[in-house]
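Down below is the structure, laid out as structure tokens.
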Amino acid sequence: MIVRDLAFRAGWIRHQARAELVIAALLFGATAPLTAQEPVVIRAGTLIDGKGGVQRNATVVVEAGKIKSVGQATQGRVSYDFPRLTLLPGLIDTHVHIDTHFGTSGKATREGETPRESILYAAENAYAMLDNGFTTTQSIGSPLDRDLRDAIARGILPGPRLLTSIVPVREDTGTPDQIRQFVRKVVADGADVIKIFASKSIREGGDQTMTDAQIQAGCDEAKRVGKRTWVHAHADSAVKAAAVAGCWAVTHGSQATDATLAVLAQRGTFFEPNIGLLLQNYIDNKDRYFGIGNFNEAGFAFMEKGIPLNLDMFTRALKVKGLKLLMGTDAGAGAHGQNAREIVYRVQQAGQPAMDALVGATSLAADALGLKGVVGSIAPGFEADLIAVDGDPIKDITALRRVVFVMKGGKVYKNVAAESQR
Ligand SMILES: [Zn+2]
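If you want the numbering used here, it's the 1-based position in the sequence shown plus 116.
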């Protein structure tokens, strides 16, 4: 078990002081017999199951990449013992732009970059997310995502399970019939989800762009071919049109009224506001964004106003019974790996109960990604996507930013729990 720990640390450890351990681990790792099929037993002082439940002194048994059992602490052999840590399902961010990055120019643009450089930056973002406890994500979306998704799925490149929309439907995609055709093409090209741009960017005021008939065509055709839809909508009218059209999920919703939030709840539309990372990251990195597209003075002024607007909308959304509030960040360049800031902000600034925020980032997010019963919970039969954090996020939500152990599909990608934390 010590050998296994060291071997896993070997790949990731950054501290020179532990170099001798790394060398020992590499040696052991090279000669140790394969133990892949042996059950892995994880014991944790606190376990949050992703569905609202908490257990103390819990044991999780993992076999062949899946969770075999969850129960009380065992007296038997333990592979990973974390009495002071909290074990959670791997976190899920339902909305990122995994290819976006600050490039060779230092700016948030791919201009002048080779495709090889672009895909490596995307791989860096994937690793940053996994390293920070996000084991599943949805990119909304870029043609680059598909190769990255498939590379991660091959099991060597470290990154979260990745879903992608590849390219979006926009108001200029065409007539409702042309939109239906486009949706079928994107699905044939390998999209997991259809992104629909129903309103302008927040930097341009967020007004509705697509007609209700266009939105309806996009969401209906996707449903017909068995795919989910993710609708970008700031304007209240666009949010409402998406819900009425039976679209799967709405993202942003900065201008949604109470009445429209209630329609989302009635229709069962997933709602993914982004209030704690997206705009803050743009403003923090203004010099790296400024001058690109609508990142101008007017755009930044809209974004400055957007932060309190989002907070107000989210606070109202919390009061809407049955509204399915998802954790998505819309993370762009500079934000990858900091995804949990969205959760921290929701709890600390908007007063969302920590457990609800966690459910929105685990089991509910899994449902929204069409991965119900696969990821997002610590329960028998689920993929063994497990993380350990230093502290109890129910008491201190910032514990989510102290991820010390990451397992995805039964494979440990990170284990830097200090002895005092175990
Ligand atoms: Zn987005």
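A virtual CB, placed ideally from N, CA and C, is assigned to each residue, including glycine.
Cα-Cα separation between residue i and residue j, rounded to whole angstroms
{"i": "Ala-224", "j": "Arg-404", "result": "6 Å"}
{"i": "Leu-425", "j": "Ala-304", "result": "38 Å"}
{"i": "Gly-453", "j": "Leu-393", "result": "11 Å"}
{"i": "Ser-370", "j": "Met-429", "result": "6 Å"}
{"i": "Leu-264", "j": "Asn-241", "result": "11 Å"}
{"i": "Ile-423", "j": "Gln-324", "result": "20 Å"}
{"i": "Lys-527", "j": "Ala-482", "result": "20 Å"}
{"i": "Gly-407", "j": "Ile-214", "result": "21 Å"}
{"i": "Val-360", "j": "Gly-228", "result": "43 Å"}
{"i": "Ala-449", "j": "Arg-193", "result": "43 Å"}
{"i": "Thr-162", "j": "Gly-169", "result": "11 Å"}
{"i": "Ala-148", "j": "Ser-195", "result": "Only weak support exists for where Ala-148 lies, its pLDDT of 39 falling under 50; the value from the coordinates is given anyway. Distance between the alpha carbons of Ala-148 and Ser-195 is about 15 Å."}
{"i": "Arg-188", "j": "Ala-314", "result": "The sequence as given places Gln at residue 188; Arg does not occur at that position. Going from the Cα of Gln-188 to the Cα of Ala-314 covers about 49 Å."}
{"i": "Ala-351", "j": "Glu-154", "result": "53 Å"}
{"i": "Gln-297", "j": "Ala-333", "result": "10 Å"}
{"i": "Gly-275", "j": "Lys-356", "result": "35 Å"}
{"i": "Phe-144", "j": "Leu-201", "result": "With a pLDDT of 37 at Phe-144, under the threshold of 50, the predicted position of this residue should be treated as unreliable, and no value is reported."}
{"i": "Phe-416", "j": "Ala-349", "result": "19 Å"}
{"i": "Asp-508", "j": "Thr-431", "result": "24 Å"}
{"i": "Arg-300", "j": "Gly-306", "result": "10 Å"}
{"i": "Arg-383", "j": "Ser-221", "result": "45 Å"}
{"i": "Phe-198", "j": "Gly-486", "result": "31 Å"}
{"i": "Thr-190", "j": "Asp-400", "result": "47 Å"}
{"i": "Lys-402", "j": "Phe-418", "result": "13 Å"}
{"i": "Asn-531", "j": "Val-522", "result": "7 Å"}
{"i": "Asn-412", "j": "Ala-329", "result": "32 Å"}
{"i": "Leu-516", "j": "Gly-409", "result": "34 Å"}
{"i": "Thr-345", "j": "Met-326", "result": "15 Å"}
Buried versus exposed, by CB contacts within 10 Å (16 or more), residue i
{"i": "Ile-272", "result": "exposed"}
{"i": "Lys-511", "result": "exposed"}
{"i": "Thr-291", "result": "exposed"}
{"i": "Ala-141", "result": "Per-residue confidence for Ala-141 stands at a pLDDT of 39, beneath the threshold of 50, marking its modelled position as unreliable; no derived number is given."}
{"i": "Val-341", "result": "exposed"}
{"i": "Lys-421", "result": "exposed"}
{"i": "Arg-232", "result": "exposed"}
{"i": "Arg-270", "result": "exposed"}
{"i": "Val-138", "result": "Caution is warranted here: a pLDDT of 38 is assigned to Val-138, below 50, making its placement in the model unreliable, and the coordinate value is therefore given only provisionally. Classification of Val-138: buried, given that the 10 Å Cβ count is 16 or more."}
{"i": "Asp-288", "result": "exposed"}
8 Å Cβ cutoff, residue i in contact with chain B
{"i": "Glu-458", "result": "You won't find chain B in this structure, because it holds only one protein chain."}
Rounded distance between the beta-carbons of residue j and residue i, thought under 8 Å
{"i": "Met-443", "j": "Gly-489", "result": "That pair is no contact at about 19 Å."}
{"i": "Leu-207", "j": "Ala-160", "result": "16 Å between Cβ atoms; not a contact."}
{"i": "Ser-255", "j": "Leu-278", "result": "6 Å"}
{"i": "Arg-462", "j": "Ala-473", "result": "5 Å"}
{"i": "Thr-541", "j": "Asp-501", "result": "Here the chain has residues from 117 to 538 only, and residue 541 is not among them."}
{"i": "Arg-318", "j": "Ala-358", "result": "The identity of residue 318 in the sequence shown is Ile, whereas the question assumes Arg. Between Ala-358 and Ile-318 the Cβ distance is about 16 Å, and since that is not below 8 Å, they are no contact."}
Residue i vs residue j beta-carbon contact at 8 Å
{"i": "Pro-205", "j": "Gly-181", "result": "no"}
{"i": "Val-519", "j": "Ile-494", "result": "no"}
{"i": "Gly-321", "j": "Lys-339", "result": "no"}
{"i": "Val-186", "j": "Pro-496", "result": "yes"}
{"i": "Asp-446", "j": "Asn-390", "result": "yes"}
{"i": "Lys-343", "j": "Val-309", "result": "yes"}
{"i": "Asn-248", "j": "Ala-456", "result": "yes"}
{"i": "Ala-433", "j": "Leu-377", "result": "yes"}
{"i": "Ile-282", "j": "Gly-257", "result": "yes"}
{"i": "Asp-506", "j": "Gln-537", "result": "yes"}
{"i": "Glu-388", "j": "Thr-210", "result": "yes"}
{"i": "Leu-480", "j": "Lys-435", "result": "no"}
{"i": "Gly-525", "j": "Glu-499", "result": "yes"}
{"i": "Pro-284", "j": "Lys-316", "result": "no"}
{"i": "Thr-82", "j": "Gly-492", "result": "Absent from the structure is residue 82, since the part of the chain shown begins at 117 and ends at 538."}
{"i": "Tyr-529", "j": "Leu-246", "result": "yes"}
{"i": "Asn-438", "j": "Ala-484", "result": "Going by the sequence as given, residue 438 is Gly instead of Asn. Not a contact, by the Cβ cut-off of 8 Å."}
Exercise. Which residues have a Cβ closer than 7 Å to any heavy atom of ligand 1, listed in chain order?
Worked result: Any residue whose Cβ sits closer than 7 Å to a heavy atom of ligand 1 makes the list: His-211, His-213, Ile-256, His-348, Thr-367, Asp-446.
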